[in-house]
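Q: Numbering (the working numbering), first residue to last: 2 to 460. Just so it is clear, CB atoms sit at the ideal spot from N, CA and C, and this is done for glycine as well. These figures come from a predicted structure and were not determined experimentally.
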Ligand SMILES: Cc1cc2nc3c(=O)[nH]c(=O)nc-3n(C[C@H](O)[C@H](O)[C@H](O)COP(=O)(O)OP(=O)(O)OC[C@H]3O[C@@H](n4cnc5c(N)ncnc54)[C@H](O)[C@@H]3O)c2cc1C
């Protein structure tokens, strides 16, 4: 307790931790936040390299469905930084072909008619059998996906016989883009949940990009907001262990042995880091915590490549089932602040950001080998415009454990924000909320955790 204010120690300065810091300072708590790294934002972090160019942890698309994120952005006056793109999803293929799922500005499900009848790639018969497979989803709506959590998406697709081409060309990049794991590993529930939302809410699949770096347009302003209201931020400070005694958390021990104490503790850590700070005794005593060991992080690699010419004019997200780049974008088109390289004008050149997945087999490769594979993938999708193109610069970020892996039957192990320990709370994309491990999920989890803390404190 500080003065008459109740205190909260937040572990983790990703989007969930920073959102919670805002929510809790708004509610009058005294907030201290520990962040292991020197930069905030976790998986949405971005920083300038030694040449002054922004490097991002990963390509971040803003789905229309993330209402909770946009409410937060409006509250800190950065909503205008989201630039909404045309409502369509384009897939690029090896050999230079592509196909696009367009939408109409009509109520659901009519908004999807052009995607089904004129995508320019899948035959009408293929789309018809796919549409038939979705009948249970259309009838039972959000009640249906949870019943399919015991299957991988490939198993579900085989049962519904909608054809290998749809699975390979449309759903493989979709699964890899969503959670960096392929359809033969991802739970059917995830893909069905996302499909149901895209089907039911016309704007849900519309994509936006930030005007520039997340640090300037989201993470920085979010942190600044709470700082101005008195929240204390400790960068470069990792919590090593939570101290558990007599059914309560008594403090968080740091690497230097110092112990920080508060009335409430909110862990907003990736699940593998949470498992490290939770005391073994607590995991043994409570299956709620013991079960968290079952949730694992997925590896992913982010690559940025600047070319000496414009390879695509597409001002939107792109998917590709071929090569190692399931989802990517030319940020020189989507993101106005990124139109320079090393401070020099970079107009009409390409600055791609790629999500490289599945990454399990690639993590051990050198930067050169990975860039080479990514470069080959983009050249095979754009054989004409990439002919003779030179790479001006490239960056690479390896994340061995990123979002939690939503494999079949994992949903049951996702924890609530409230825990069996009365002064310990959880937030983060892996905790229970409908947006999974995403920016929307991080914000939603922080909202729920902050509400719980306010409730138990009687606020
Ligand atoms: C490559 C990539 C692309 C993505 N693309 C999208 C996208 O397009 N759209 C979308 O919605 N989502 C996307 N996501 C997912 C999204 O980034 C995450 O779901 C979200 O940022 C998770 O936020 P979080 O706060 O829960 O966790 P994190 O961002 O992981 O934050 C946790 C923080 O805790 C810190 N920490 C760890 N251990 C300790 C410790 N012991 N003590 C103190 N601090 C600690 C970490 O350094 C980190 O800052 C993407 C993720 C990646 C990796």
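Of the residues 431, 39, 427, which one's Cα is nearest the Cα of residue 243?
A: Checking every option, the nearest Cα to that of residue 243 belongs to 427.
Q: Who are the Cβ neighbours of residue 21 in its own chain at under 7 angstroms, not counting the five residues just before and after it?
A: Excluding sequence neighbours, residue 21 sits near 11, 267, 269, 428, 447, 450, 451.
Q: Residues in the same chain with beta-carbon distance under 7 angstroms from residue 232, minus the five sequence neighbours each way, listed in chain order, please.
A: Only 22, 26, 32, 34 meet the Cβ criterion.
Q: Return the chain-ordered list of same chain residues with a C-beta closer than 6 angstroms to the C-beta of residue 227, the five sequence neighbours on each side being excluded.
A: Hits under 6 angstroms: 22, 23, 26.
Q: Would you list, in sequence order, the uninterrupted beta strand (DSSP E) runs of no fewer than 3 residues that lie entirely inside the segment 164–222?
A: Those beta strand (DSSP E) runs which fall completely within the segment 164–222 and span 3+ residues are 208–211.
Q: Applying the 10 Å Cβ sphere with the 16-neighbour rule, what's the burial state of residue 224?
A: It is buried - the Cβ of residue 224 has at least 16 other Cβ atoms within 10 Å.
Q: Distance, Cα to Cα, residue 98 vs residue 385?
A: Roughly 11 angstroms between the two C-alpha positions.
Q: At the level of alpha carbons, what is the spacing between residue 179 and residue 380?
A: Looking at the two C-alpha atoms, the distance is approximately 24 angstroms.
Q: Comparing C-alpha positions only, which one of 158, 196, 265 sits nearest to residue 455?
A: Checking every option, the nearest Cα to that of residue 455 belongs to 265.
Q: Could you tell me if the beta carbon of residue 442 falls within a distance shorter than 8 angstroms of some heavy atom in ligand 1?
A: Because some heavy atom of ligand 1 lies under 8 angstroms away, the Cβ of residue 442 counts as near it: yes.
Q: For residue 371, does the three-state DSSP call read helix, strand or coil?
A: In this structure, residue 371 counts as helix in the three-state DSSP scheme.
Q: Would you mind reading off the limits of the alpha helix (DSSP H) that contains residue 312?
A: No alpha helix (DSSP H) holds residue 312; DSSP gives it neither H nor E.
Q: With a cut-off of 8 angstroms on the beta carbons, I'd call residue 403 and residue 328 a contact; round off their distance for me.
A: Between residue 328 and residue 403 the Cβ distance is about 14 angstroms, and since that is not below 8 angstroms, they are no contact.
Q: To which residues does DSSP link residue 8 through a beta bridge?
A: Note: residue 8 sits in a beta bridge opposite 31.
Q: For ligand 1, I want to know if residue 71 counts as a neighbour, meaning its beta carbon is within less than 8 angstroms of at least one of the ligand's heavy atoms.
A: Checking the Cβ of residue 71 against ligand 1 gives no.
Q: Let me check you understand the geometry: is the CB of residue 274 closer than 8 angstroms to at least one non-hydrogen atom of ligand 1?
A: Yes - ligand 1 has a heavy atom lying nearer than 8 angstroms to the Cβ of residue 274.
Q: Relative to ligand 1, is the shortest distance from any of its heavy atoms to the C-beta of residue 233 smaller than 8 angstroms?
A: Not under cutoff, so the answer is no.
Q: Could you tell me if residue 305 is buried or exposed, where buried requires 16 or more neighbouring beta carbons within 10 angstroms of its beta carbon?
A: Flag for residue 305 reads buried.
Q: State the DSSP-derived secondary structure class of residue 62, mapped to helix, strand or coil.
A: Here residue 62 sits in coil by DSSP.
Q: Between residue 207 and ligand 1, is there a pair consisting of the residue's CB and a ligand heavy atom that are separated by less than 8 angstroms?
A: Residue 207 Cβ: outside cutoff for every heavy atom of ligand 1.
Q: For residue 276, tell me which candidate among 342, 293, 66, 156 has the shortest Cα-Cα distance.
A: Taking only the C-alpha atoms, the option nearest residue 276 is 293.
Q: Could you tell me which uninterrupted alpha helix (DSSP H) segments, each at least 4 residues in length, are contained entirely in the segment 118–158, listed from first to last along the chain?
A: Listed in chain order, the complete alpha helix (DSSP H) runs (minimum 4 residues) inside the segment 118–158 are 125–134, 136–141.
Q: Please confirm whether any heavy atom of ligand 1 lies closer than 8 angstroms to the CB of residue 148.
A: The answer is no for residue 148.
Q: Taking 7 angstroms as the limit between beta carbons, can you name the residues of its chain near residue 176, skipping five residues before and five after?
A: Closer than 7 angstroms at the Cβ level, and outside the excluded window around residue 176, lie 154, 182, 183, 184, 187, 192.
Q: Where residue 278 and residue 400 are concerned, what is the direct C-alpha to C-alpha distance, given to the nearest angstrom?
A: If you take the alpha carbons of residue 278 and residue 400, they lie about 20 angstroms apart.
Q: With DSSP as the reference, please indicate the residues paired to residue 356 in a beta bridge.
A: Its beta-bridge partners are 303, 328.
Q: Consult DSSP for residue 71 and reduce its assignment to one of helix, strand or coil.
A: The answer is helix: DSSP assigns residue 71 an H, G or I state.
Q: Please list the terminal residues of the continuous beta strand (DSSP E) segment that includes residue 455.
A: First-last for residue 455: 440–457, but that is the alpha helix (DSSP H), not the beta strand (DSSP E).
Q: What does a CB cutoff of less than 6 angstroms around residue 161 pick up in its chain, not counting 5 residues either side in sequence?
A: Around residue 161: 134.
Q: Less than 9 angstroms between the beta carbons of residue 297 and residue 443, yes or no?
A: Cβ atoms of residue 297 and residue 443: not closer than 9 angstroms.
Q: What residue range is occupied by the uninterrupted beta strand (DSSP E) comprising residue 292?
A: Taken as a continuous stretch (DSSP letters only), residue 292 belongs to no beta strand (DSSP E), as it is neither H nor E.
Q: Measuring only from the beta carbon, is residue 277 closer than 8 angstroms to any heavy atom that is part of ligand 1?
A: Yes - ligand 1 has a heavy atom lying nearer than 8 angstroms to the Cβ of residue 277.
Q: Taking residue 94 as the reference, which of 73, 453, 122, 86 has the closest Cα?
A: For the residues 73, 453, 122, 86, the minimum Cα distance to residue 94 belongs to 122.
Q: Secondary structure at residue 406, three-state DSSP: helix, strand or coil?
A: Of the three classes helix, strand and coil, the one that applies to residue 406 here is coil, per DSSP.
Q: Sort 324, 124, 351 by Cα distance to residue 337 and report the nearest one.
A: Measuring from the Cα of residue 337, the nearest candidate turns out to be 351.
Q: When you compare only the Cα positions, how much space is there between residue 217 and residue 355?
A: Going by the C-alpha atoms only, they are around 21 angstroms apart.
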